[in-house]
Amino acid sequence: MAEQASSFMRDWIAANVHDSSARRDRGLDEWVTDEIARLKDAARAADLDLDDPELDDDLLRDEITAAIKRIARS
40 MAEQASSFMR DWIAANVHDS SARRDRGLDE WVTDEIARLK DAARAADLDL DDPELDDDLL
100 RDEITAAIKR IARS
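In case it helps, my numbering puts the sequence shown at residues 40 to 113.
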């Protein structure tokens, strides 16, 4: 299951985390928190186990923060 959750997380971030001036204006922490909630909603809808370690809030926070920083630099 971990591989499925890991793939889902990576694919979801790549497809859904995009630069947005409205999100940027709200601050990084709030933006990341919003994206975590959206990702978890999508994972729930995909019937993934939200207790999977790949969907842990701390890991998601790190992955989404890194994605946002990458898109903000480009």
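C-beta: ideal position from N, C-alpha, C; glycine also.
Treat the numbers as computed from the prediction; the structure is a model and nothing was measured.
Please list, in chain order, all residues of the same chain as residue i whose beta carbon is under 8 Å from its beta carbon, the five residues on each side excluded.
i      : result
Thr104 : Leu67 and Val71
Asp89  : Inspection of the sequence shows that residue 89 is occupied by Leu rather than by Asp. Hits under 8 Å: Lys79, Ala82 and Arg83.
Ala85  : Phe47
Under 8 Å by Cβ, that's how I've got residue i and residue j pegged, so tell me the actual separation to the nearest angstrom.
i      : j     : result
Glu102 : Ala44 : Going by Cβ atoms, the distance from Glu102 to Ala44 rounds to 12 Å, so no, they are not a contact pair.
Closest to residue i by C-alpha separation, out of the options, would be which residue?
i     : options                       : result
Asp73 : Leu99, Asp88 and Arg112       : Leu99
Ala54 : Arg62, Glu69, Leu78 and Arg65 : Leu78
Ile52 : Arg65, Asp64, Ala76 and Asp91 : Ala76
Met48 : Glu69, Asp96, Arg62 and Asp64 : Asp96
Is it buried or exposed for residue i, if we count other Cβ within 10 angstroms and need 16 for buried?
i      : result
His107 : One detail in the question is off: residue 107 reads as Ile in this sequence, not His. Burial call: buried.
The alpha helix (DSSP H) spanning residue i covers which residue range?
i     : result
Glu74 : Leu67 to Ala84
Short of 7 Å in beta carbon distance, which residues of its chain neighbour residue i, apart from the five on each side in sequence? Order them along the chain.
i     : result
Asp58 : Ile110 and Ala111
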